[in-house]
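Here is the structure we will look at, set down as structure tokens.
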Amino acid sequence: MASTRPLRPTSTATIVGDALPTIPWQDRPAGSHDVVWRYSANPIIPRDATPTSNSIFNSAVVPFKGGFAGVFRCDDRARIMNVHRGFSPDAIHWTIEADPITFINEDPEVTTFVHRYDPRVTWLEDRYYVTWCNGYHGPTIGVGYTHDFETFYQLENAFLPFNRNGVLFPRKIGGKYAMLNRPSDNGHTPFGDIFYSESPDMEHWGRHRWVMGTKTWTWQGTKIGAGPIPIETTEGWLLFYHGVLTSCNGYVYSFGAALLDLDQPWKVIYRTRPYLLSPQTLYECVGDVPNVAFPCAALADAPTGRIAIYYGCADTVTGLAFCQVDEVIDFMKANSEV
Ligand code: BMA
23 MASTRPLRPT STATIVGDAL PTIPWQDRPA GSHDVVWRYS ANPIIPRDAT
73 PTSNSIFNSA VVPFKGGFAG VFRCDDRARI MNVHRGFSPD AIHWTIEADP
123 ITFINEDPEV TTFVHRYDPR VTWLEDRYYV TWCNGYHGPT IGVGYTHDFE
173 TFYQLENAFL PFNRNGVLFP RKIGGKYAML NRPSDNGHTP FGDIFYSESP
223 DMEHWGRHRW VMGTKTWTWQ GTKIGAGPIP IETTEGWLLF YHGVLTSCNG
273 YVYSFGAALL DLDQPWKVIY RTRPYLLSPQ TLYECVGDVP NVAFPCAALA
323 DAPTGRIAIY YGCADTVTGL AFCQVDEVID FMKANSEV
């Protein structure tokens with residue numbers, strides 16, 4: 023579908039990356055002023071897309087072999103949280119494997135399964151890296167990789183427990199692998215700031231830097247966490263991230279965006295004061311955990327600036343939303359509170 027909205031008049035693309043002409047897309051609905059708008063046929067993945075799934079949400083997708091592949095969080099009907107691979111020709115209609123991914127490591131301690139959830143996936147150098155929240159005496163960041171979405175290898179956990187929302191940058195920064203992460207507790211964590219850590223080898227992580235924290239009495243007042251793999255732009259790393267408000271009725275998960283310095287990503291250039299998307303539709307407000315919009319992946323098309331965001335809805339189903347990179351950056355500039 024052709025976009026009716028003109029791009030900001032620039033001679034070069036804002037997104038530093040590849041063309042993805044097959045990116046899913048739908049124009050902003052007539053009359054909407056939203057910077058991020060929902061796909062009209064949401065949710066794109068129902069809770070029962072595999073024979074034993076209770077819910078499928080907080081999942082990650084990437085372009086793969088002319089189509090798309092993904093790693094999906096599937097909670098089964100025993101309510102075990104695990105990750106499954108899936109494939110799609112159009113990034114909207116997905117076939118998700120019934121069995122979870124098996125990870126390989128010669129040390130069984132590394133692959134000990136407690137639970138795996140909230141995956142992120144990025145192409146980095148020569149392979150697809152997967153990070154997830156890995157149960158190992160509490161939640162921490164699991165790291166693995168695959169070349170082909172057939173065989174998956176698991177590496178050492180990046181951190182000691184407790185940590186969640188480990189999100190790799192899609193290239194080395196200053197010669198090091200780089201990861202955003204969010205130190206947490208063993209439960210539902212009523213606090214949480216985003217940190218930056220780097221590694222020479224994808225195993226030893228250090229030089230931790232604080233990136234940003236909460237904003238009291240706002241949509242991001244209780245805790246925040248990195249969402250999709252950051253998108254490189256000419257103005258900085260575009261990071262979508264979730265923020266949590268504690269209401270009388272419990273947590274409310276919305277998401278906004280920040281622009282991080284390209285060379286020192288712990289330096290925040292802009293950050294949305296209002297949210298970009300909050301749980302407002304039935305499938306975001308009603309489910310196993312009500313009022314949750316939790317982004318874990320984004321596809322981007324550099325020539326057009328189109329971005330498609332994948333987000334978990336009410337810890338039950340998966341939704342898709344769209345935005346234009348230049349509009350997000352303009353909105354951040356006009357509505358920023360770092
Ligand atoms: C967070 C994570 C997410 C979940 C969210 C809302 O702590 O566990 O997986 O979507 O809570 O329940």
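Each residue of the sequence shown is one higher than the last, beginning at 23 in my numbering.
Note that beta-carbon positions come from the ideal geometry of N, C-alpha and C, so glycine has one too.
Just the Cα atoms here: how many angstroms apart are residue i and residue j?
{"i": "Ala91", "j": "Leu260", "result": "22 Å"}
{"i": "Ala319", "j": "Pro287", "result": "19 Å"}
{"i": "Met201", "j": "Ile114", "result": "28 Å"}
{"i": "Leu29", "j": "Gln346", "result": "The predicted position of Leu29 is uncertain, since its pLDDT is 48 and thus under 50; a value taken from the coordinates is nonetheless stated next. Distance between the alpha carbons of Leu29 and Gln346: 8 Å."}
{"i": "Asp337", "j": "Tyr275", "result": "10 Å"}
{"i": "Pro296", "j": "Asp49", "result": "22 Å"}
{"i": "Pro212", "j": "Ile163", "result": "19 Å"}
{"i": "Cys335", "j": "Thr268", "result": "18 Å"}
{"i": "Phe353", "j": "Thr34", "result": "19 Å"}
{"i": "Trp59", "j": "Phe79", "result": "18 Å"}
{"i": "Ser206", "j": "Tyr218", "result": "14 Å"}
{"i": "Asn357", "j": "Cys155", "result": "31 Å"}
{"i": "Val266", "j": "Gln242", "result": "5 Å"}
{"i": "Lys237", "j": "Thr244", "result": "8 Å"}
{"i": "Val38", "j": "Pro85", "result": "16 Å"}
{"i": "Lys355", "j": "Arg293", "result": "8 Å"}
{"i": "Glu220", "j": "Trp239", "result": "32 Å"}
{"i": "Cys96", "j": "Glu254", "result": "29 Å"}
{"i": "Arg27", "j": "Pro51", "result": "With a pLDDT of only 44 at Arg27, under 50, the local geometry of the prediction cannot be trusted, and no value is derived from it."}
{"i": "Pro317", "j": "Pro301", "result": "12 Å"}
{"i": "Met23", "j": "Arg138", "result": "Any reading at Met23 must be qualified, since the residue scores a pLDDT of 43, below 50, and its modelled position is unreliable; the value itself is stated next. Cα to Cα, Met23 sits roughly 37 Å from Arg138."}
{"i": "His69", "j": "Arg149", "result": "This sequence places Arg at residue 69; His is not what is there. Their Cα atoms are separated by approximately 29 Å."}
{"i": "Glu128", "j": "Thr134", "result": "11 Å"}
{"i": "Leu304", "j": "Asp140", "result": "22 Å"}
{"i": "Thr32", "j": "Pro122", "result": "At Thr32 the pLDDT is 47, less than 50, meaning the model places this residue with poor confidence; the figure from the coordinates comes in the next sentence. Their Cα atoms are separated by approximately 45 Å."}
{"i": "Phe109", "j": "Glu119", "result": "9 Å"}
Cβ of residue i versus every heavy atom of the ligand BMA: is any distance shorter than 7 Å?
{"i": "His210", "result": "yes"}
{"i": "Gly188", "result": "no"}
{"i": "Asp140", "result": "yes"}
{"i": "Phe181", "result": "no"}
{"i": "Tyr297", "result": "no"}
{"i": "Ala125", "result": "Contrary to the premise, residue 125 reads as Phe rather than Ala in this sequence. For the ligand BMA, not one heavy atom lies less than 7 Å from the Cβ of Phe125."}
{"i": "Phe184", "result": "no"}
{"i": "Phe262", "result": "no"}
{"i": "Val339", "result": "no"}
{"i": "Gly265", "result": "no"}
{"i": "Tyr218", "result": "no"}
{"i": "Phe213", "result": "no"}
{"i": "Phe277", "result": "no"}
{"i": "Ser311", "result": "According to the sequence provided, residue 311 is Val. The question's Ser does not apply to it. Yes."}
{"i": "Val314", "result": "yes"}
{"i": "Gly53", "result": "no"}
{"i": "Asn80", "result": "yes"}
{"i": "Gly334", "result": "yes"}
Going by DSSP in three states, residue i sits in which element: helix, strand or coil?
{"i": "Asp352", "result": "helix"}
{"i": "Thr340", "result": "strand"}
{"i": "Glu220", "result": "strand"}
{"i": "Arg27", "result": "Note on Arg27: pLDDT 44, under 50, position unreliable in the model; no value is reported."}
{"i": "Val308", "result": "coil"}
{"i": "Thr44", "result": "coil"}
{"i": "Val132", "result": "helix"}
{"i": "Val347", "result": "helix"}
{"i": "Glu257", "result": "coil"}
{"i": "Ser62", "result": "coil"}
{"i": "Arg193", "result": "coil"}
{"i": "Ser33", "result": "Model confidence at Ser33 stands at a pLDDT of 49, short of 50, so the residue's coordinates are unreliable; what they give is reported in the following sentence. If DSSP states are grouped into helix, strand and coil, Ser33 belongs with coil."}
{"i": "Trp232", "result": "strand"}
{"i": "Phe277", "result": "strand"}
{"i": "Gln302", "result": "coil"}
{"i": "Val314", "result": "strand"}
{"i": "Thr268", "result": "strand"}
{"i": "Leu177", "result": "coil"}
{"i": "Phe184", "result": "coil"}
{"i": "Tyr158", "result": "coil"}
Quick check: does the Cβ of residue i come within less than 7 Å of any heavy atom belonging to the ligand SAH?
{"i": "Asp70", "result": "With respect to the ligand SAH, the structure offers nothing, as its ligand set consists of the ligand BMA."}
Evaluate contact between the region 327-334 and the region 35-50, counting only Cβ atoms and requiring at least three cross-stretch pairs below 8 Å. yes
The region 236-253 contacting the region 188-203, beta-carbon criterion three pairs below 8 Å: yes
The region 302-314 touching the region 221-228, judged by at least three CB pairs closer than 8 Å: no
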